[in-house]
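>
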Ligand code: NAP
Ligand code: G4F
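Numbering (this note's numbering), first residue to last: 6 to 330.
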């Protein structure tokens, strides 16, 4: 039986990836950072919490990663751990650098020391393109990060490339554009919107306060995107791939889909609050997934309409449960 180790297993992607690997017959281990409250709700939602094995550890602690490699005997490591919220990265830039940036080299060093034949996936991001240098971003587009998070991820990306070239590690970097799901953290804009729409529809909230609704993102479904991570590690040679839908939409239009689904008028509820503006914004992201299509046979199979509808429905269900409606 193949073994895989996932850092960030309790996050959105970690949970979907764990489910995918379990379905493929893997033994799945998760590096589990100590938290004072339970952080396993996503694994419970997918009904797989008891099927994965947690190993106490943190990506800022090299010794704990080495122990996790030894205990799990993993042949594939997926490094998804991060302080992943862009907004917070201006409030906690050093923590973001330590976890999202230096955390990557800790995992790579652990692999290099313990067993360099282990295959490695790094969760890179379209946020690295920041102030975009090309209308459609591909693997060849120059980077220009606009947040401490983007800067930390850029280090993670290049150190992955560097370990591949220096030590011949099978280390791949997936440059994933925004991907969402009913398991998305509530602080991210899609989930903030779908949760608010459910509360407004059910009479539990009146307004939705947002920042820059002219920003454009290339949004896909997380369930589709974790498949691409796995495919990268099944290739003979490690490489870097953009994973995206190839379509971009404003936050405003994404809101329209959510409100329209439950017959509400967004203009009656959205309030622009400068509190949610960022010190430097990424105005537009649009990915070119051609390489992934051709080399991995990967395609985004969920439309933004389907995705937002799925998220609104899941939040309607949750809010009804919360209030016993
Ligand atoms: P997420 O929901 O925020 O999950 C992040 C995970 O990292 C959580 O399990 C978190 O655990 C864990 N973590 C945080 N600090 C840690 C530490 N010091 N040691 C070990 N684990 C730690 O993020 P996501 O949306 O699933 O994204 C997964 C990865 O892909 C992240 O690296 C993210 O930056 C990257 N990415 C995401 C997107 C996207 O659109 N979702 C796009 C491109 C790239 P706790 O919850 O206990 O803190
Ligand atoms: O949902 P967001 O917070 O996602 P963002 O900043 O694009 O980052 C996400 O995607 C990255 C991939 O490109 C990942 F690497 C990263 O880890 C994360 O998953 O914000 C999306 C857009 C931004 O332009 C933001 O300014 O929505 C705009 N926005 C407008 N009002 C808002 C709000 N964002 C949030 N979170 N909250 C608002 O009220």
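Glycine residues also receive a C-beta, built at the ideal position from the N, C-alpha and C atoms.
So, residue 109 versus residue 164, is the Cβ gap smaller than 8 Å?
yes
> Roughly how many whole angstroms lie between the Cα atoms of residue 311 and residue 252?
14 Å
> Which two residues bound the contiguous alpha helix (DSSP H) that contains residue 264?
Boundaries of the alpha helix (DSSP H) around residue 264: 256–266.
> Under 8 Å: do the segment 136–144 and the segment 92–104 share three or more Cβ pairs, one atom per stretch?
no
> When you compare only the Cα positions, how much space is there between residue 154 and residue 215?
21 Å
> Quick check: what's the CA-CA separation for residue 49 versus residue 57?
Cα to Cα, the separation comes out at about 11 Å.
> State the Cα-Cα distance for the pair residue 77 and residue 7, rounded to the nearest angstrom.
10 Å
> Give me the DSSP bridge partner(s) of residue 128.
179
> In angstroms with no decimal places, state the Cα-to-Cα distance between residue 11 and residue 307.
24 Å
> Near residue 227, which residues of its chain fall below 8 Å by C-beta distance, leaving aside the five closest residues on each side in sequence?
Result list for residue 227: 17, 18, 21, 184, 185, 186, 188 and 189, in chain order.
> Under 7 Å: does the beta carbon of residue 331 sit that close to some heavy atom of ligand 1?
Outside the shown range of the chain, which is 6 to 330, sits residue 331, and nothing can be said about it.
> Is residue 162 near ligand 1, in the sense that its beta carbon is under 7 Å from a heavy atom of that ligand?
no
> Which residues mark the beginning and the end of the alpha helix (DSSP H) in which residue 111 is found?
108–119
> Would you call the CB atoms of residue 151 and residue 135 closer than 8 Å?
yes
> Should residue 225 go down as buried or exposed, given a rule of 16 or more other Cβ atoms within 10 Å for buried?
buried
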